[in-house]
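Chemist: In our numbering, the protein residues as written are 1110 to 1609.
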Ligand SMILES: Cc1ncc(COP(=O)(O)O)c(C=O)c1O
C-alpha cells in the first residue's frame, strides 16, 4: 500500500503545475511569495457541504456500533496530503486542526512513506514488542537518535508510553514513588505499608496529592482526570481525588495595555498556589507534584508569562514538590521552539516533561532521581511502540533539514498579525487574538457564534478546532507556510463578512 501511495504521490507531483488553484485572490494582507510544500495541494476544493452524503451514510453505519456524537466526517487518508485533509465525499480542506494537533509534518509525507518501503524496517512494523521485557536490539540507538536528541535541559532519561493520558498517569506515579522514597529516607517499606496498599488503605496507599490548575487538561484517565478542569463533560459521574486546584491567570488583551493588571493577576494565582500547598499539607494530603501546561490548550488557549512559570518552578522547589510540565499539546515545535517551556529560558525547567501528539509516541522525560527504583512499578504491556520511534527519527530529520521551527515562527507571525487585523475589522465578533508560533487562538463573541464560524469555514474548506468556552484554536502542522496563512485569512474573511 505504501509503494502504491508513493507512486500516486509522485504522479500527482508531476501534475501539480496543471492544477488550478481554488484559493481566492482577495487578500486581507499582503500575500507571501508562494513556496510549495512538496506533495501539498494548491488550495481547498469543496464539492459538498460537510458532512457530505457518504460521510452521513458511514456515520449512520458506525452509529449502530459506537457513539458517533463526536464524529465530524469520514476521511480519505490515502488522498490527503501535506496541509490538506480529504474527506470521503471528495472535499479537500486546509487542515488547521491536524487531528487535534497531532500531525507533525502533514499527511502522507514522502519521507515517512519511504520508511514503510525499507525492508529493514518491516519487522518493526509487524512485531509490536512488550518493550518493558523484550526490547529489540536497536531500541537504545533509536531512542537516542529520536527522543534523547530533543531532551529538555537537564533530562537524560525518557520513558515511552502509548498516549498522552497514559504518559501523565505514569508520570504522576513516578512522582508519588519518588516522594514516598524521599519521605521514608530510601528505606524499605514497612510491613504495614505492604499489607495496607493491597486494600487501598494508608499508609501503603498514601494521601498524597498533585496540584493542578483550573482550566487545565491532562487527560481523561482516572488520575489525570483529577487534574483536568476544562469541561464538565469530561468529569461528570467519575469519582475523583481531593487534590488542590489553583486558579490559572486569566490575562487581559492586548497584553501591552494591561501589563499592570496581568502582573497582579499572575501574582494572585501564585499566592493561591502557595496557600493551597500549605493547606493540603495541613490536611494530611501533601502536594507531591505540580502539573501545568505551558499554554492551557483544551481549556481555552490560556497563556501566562515566562515570569509566572519561573516563579511557579521556584515555588515547587521551595516546597519539595516535583514540577511536571505537560507538553502533550505544546511540544513538537508548534510554538516556534521544540518545547514551549524553552520560552521560559530556564536551565532546570522541570522534574518531568510529558509528551505525545506531534512526537507520535507518548512518554515523559524525567530527572535521574525520578526514575522508579524497581521494575514493574512503572509498567504496561507495550510501553510505547518502536515503529513510532522510527517515524520520529525521520520527522526530526525533516524538521532540521527544512528549518521548520523558523518556518513556524514566520508563519505564526503572519497568522497572528492576520488575526489582529481581523479582530480590528470585526470588533463585535472577534477578540483576544493570542499565540506563540502557530499555536494561536482567537475568541468569538459567544460559544454559538464560535461554533457557527467554524462550520461555515469548514464548508468553505478550512478545518479549525474549538477550545474553552468560545475560542477557536489554530493547530496546523509544522509545514504550514505563510501562503497557507493567507489562504486561511481570505476564506475566514469571507465567512466573517457575512456577519456585517
Ligand atoms: C495538554 C494535554 N495533556 C494530555 C492530553 C491527553 O492526551 P491523550 O488524548 O493522548 O490521552 C491532551 C490531549 O489533548 C493534552 O492536550
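Virtual Cβ for every residue (Gly too), placed ideally from N, Cα, C.
Going straight from the alpha carbon of residue 1332 to that of residue 1349, what length do you get?
Modeler: Counting from 1 along the chain shown, the entry for residue 1332 is found at position 223. Counting from 1 along the chain shown, the entry for residue 1349 is found at position 240. So the alpha carbons of these two residues sit roughly 8 Å apart.
Chemist: Roughly how many whole angstroms lie between the Cα atoms of residue 1306 and residue 1605?
Modeler: For this step, residue 1306 is matched to residue 197 along the chain shown. For this step, residue 1605 is matched to residue 496 along the chain shown. Cα to Cα, the separation comes out at about 58 Å.
Chemist: May I ask you to report which of helix, strand or coil DSSP gives residue 1691?
Modeler: Lying outside 1110 to 1609, the shown extent of the chain, residue 1691 is not represented and no answer is given.
Chemist: Who are the near neighbours of residue 1138 in its chain, counting only those whose CB is closer than 8 Å to its CB and skipping five residues on each side?
Modeler: By 1-based counting over the chain shown, the position of residue 1138 is 29. In this prediction, residue 1138 scores a pLDDT of 45, lower than 50, which makes its location untrustworthy; the coordinate-derived value is nonetheless stated afterwards. Within the same chain, residue 1138 has close Cβ partners 1523, 1526, 1527, 1530, 1595 and 1598.
Chemist: Would you decide whether residue 1269 is buried or exposed? Buried here means 16 or more other CB atoms lie within 10 Å of its CB.
Modeler: The residue labelled residue 1269 in the question sits at position 160 within the chain shown. When all chains shown are included, residue 1269 counts as buried.
Chemist: Check whether the Cβ of residue 1169 lies closer than 8 Å to any Cβ atom in chain B.
Modeler: The displayed structure is made up of one protein chain only, and chain B is not part of it.
Chemist: Please list the terminal residues of the continuous alpha helix (DSSP H) segment that includes residue 1496.
Modeler: The residue you call residue 1496 lines up with position 387 of the chain shown. First-last of the alpha helix (DSSP H) with residue 1496: 1495-1510.
Chemist: Just grab the DSSP bridge partners of residue 1549 for me.
Modeler: In the chain shown, the residue the question calls residue 1549 occupies position 440. Beta-bridge pairing links residue 1549 to 1544 and 1583.
Chemist: List in chain order: all unbroken beta strand (DSSP E) runs of 3+ residues lying wholly within the stretch 1222-1275.
Modeler: Qualifying beta strand (DSSP E) stretches, in chain order: 1266-1270.
Chemist: Just the Cα atoms here: how many angstroms apart are residue 1487 and residue 1290?
Modeler: Sequence index remark: in the chain shown, residue 1487 carries index 378 (1-based). Sequence index remark: in the chain shown, residue 1290 carries index 181 (1-based). Rounded to the nearest angstrom, the two C-alpha atoms are 15 Å apart.
Chemist: Residues with a Cβ closer than 6 Å to any heavy atom of ligand 1, in chain order?
Modeler: Working through the chain, the matches are 1209, 1272, 1273, 1274, 1277, 1326, 1327, 1328, 1402, 1406, 1407, 1435, 1437, 1438 and 1465.
Chemist: Run through the stretch 1396-1428 for me and flag every whole alpha helix (DSSP H) of 4 or more residues, listed as ranges in chain order.
Modeler: As far as the stretch 1396-1428 is concerned, its whole alpha helix (DSSP H) runs of at least 4 residues are 1415-1427.
Chemist: Buried or exposed: residue 1497, going by 16 or more other Cβ atoms within 10 Å of its Cβ?
Modeler: To locate residue 1497, count along the chain shown from 1; it is residue 388. Under this definition residue 1497 is a buried residue.
Chemist: Beta-carbon within less than 6 Å of residue 1422's beta-carbon, same chain only, minus the 5 sequence neighbours each way: which residues are those?
Modeler: Counting from 1 along the chain shown, the entry for residue 1422 is found at position 313. Only 1432 meet the Cβ criterion.
Chemist: Work out the CA separation of residue 1558 and residue 1121 for me, nearest whole Å.
Modeler: Position 12 of the chain shown, counting from 1, holds the residue named residue 1121. Position 449 of the chain shown, counting from 1, holds the residue named residue 1558. Because residue 1121 carries a pLDDT of 42, less than 50, the predicted location of this residue cannot be relied on, and the following value inherits that uncertainty. If you take the alpha carbons of residue 1121 and residue 1558, they lie about 38 Å apart.
Chemist: Classify residue 1304 as buried or exposed, calling it buried when 16 or more other Cβ atoms lie within 10 Å of its own Cβ.
Modeler: Here residue 1304 is taken as the residue at index 195 of the chain shown, counted from 1. Flag for residue 1304 reads exposed.
Chemist: The beta strand (DSSP E) with residue 1089 in it runs from where to where?
Modeler: The structure shown does not extend to residue 1089, since the chain is modelled only from 1110 through 1609, so no value can be given for it.
Chemist: Assuming residue 1459 and residue 1450 are in contact, meaning their beta carbons sit under 8 Å apart, how far apart are those beta carbons, in whole angstroms?
Modeler: Position 350 of the chain shown, counted from the first residue, corresponds to residue 1459. Position 341 of the chain shown, counted from the first residue, corresponds to residue 1450. Yes, they are in contact, since the Cβ atoms of residue 1459 and residue 1450 sit about 7 Å apart, within 8 Å.
Chemist: Going by DSSP, what residue range makes up the alpha helix (DSSP H) through residue 1565?
Modeler: Residue numbering aside, residue 1565 sits at position 456 when the chain shown is read from its first letter. Where residue 1565 is concerned, the enclosing alpha helix (DSSP H) stretches over 1556-1568.
Chemist: So residue 1183 packs on residue 1164, CB below 8 Å; how close in whole Å?
Modeler: As a working mapping, residue 1183 is identified with position 74 in the chain shown. As a working mapping, residue 1164 is identified with position 55 in the chain shown. Right, their Cβ atoms sit about 5 Å apart.
Chemist: Alpha carbon to alpha carbon, what distance is there between residue 1288 and residue 1316?
Modeler: Taking the chain shown and counting its residues from 1, the one referred to as residue 1316 is at position 207. Taking the chain shown and counting its residues from 1, the one referred to as residue 1288 is at position 179. Looking at the two C-alpha atoms, the distance is approximately 12 Å.
Chemist: Here's the rule I'm using: 16 or more other beta-carbon atoms within 10 Å means buried, otherwise exposed. How should residue 1361 be labelled?
Modeler: Translated into the one-based positions of the chain shown, residue 1361 becomes position 252. Exposed, since its Cβ has fewer than 16 Cβ neighbours within 10 Å.
Chemist: When we look at the beta-carbon of residue 1584 and count the other beta-carbons within 10 Å, is it buried (16 or more) or exposed?
Modeler: Counting from 1 along the chain shown, the entry for residue 1584 is found at position 475. Buried, since its Cβ has 16 or more Cβ neighbours within 10 Å.
Chemist: Please list the terminal residues of the continuous alpha helix (DSSP H) segment that includes residue 1529.
Modeler: Taking the chain shown and counting its residues from 1, the one referred to as residue 1529 is at position 420. Segment 1513-1534, the alpha helix (DSSP H) holding residue 1529.
Chemist: Determine which residues share a DSSP beta bridge with residue 1468 and list them.
Modeler: Your numbering for residue 1468 matches position 359 in the chain shown. Answer is none; residue 1468 lacks a bridge partner.
Chemist: According to DSSP, what are the bridge partners of residue 1461?
Modeler: Position 352 of the chain shown, counted from the start, is the residue given in the question as residue 1461. Residue 1461 pairs with 1433 and 1475.
Chemist: So the beta strand (DSSP E) residue 1319 belongs to, where does it begin and stop?
Modeler: Residue mapping note: residue 1319 aligns to position 210 of the chain shown, counting from 1. Where residue 1319 is concerned, the enclosing beta strand (DSSP E) stretches over 1318-1322.
Chemist: If you follow the alpha helix (DSSP H) that residue 1387 is in, where does it begin and where does it stop?
Modeler: Working through the chain shown from its first residue, we reach residue 1387 at position 278. 1368-1391 is the span of the alpha helix (DSSP H), which, as asked, contains residue 1387.
Chemist: I'd like the span of the alpha helix (DSSP H) that includes residue 1163, first residue to last.
Modeler: To locate residue 1163, count along the chain shown from 1; it is residue 54. It spans 1162-1172 - the alpha helix (DSSP H) in which residue 1163 sits, taken as one unbroken run.
Chemist: Comparing alpha-carbon positions, which option in 1313, 1443, 1173 and 1344 lies nearest residue 1325?
Modeler: On the chain shown, residue 1325 is found 216 positions in, with the first residue counted as 1. The candidate whose alpha carbon is nearest that of residue 1325 is 1344.
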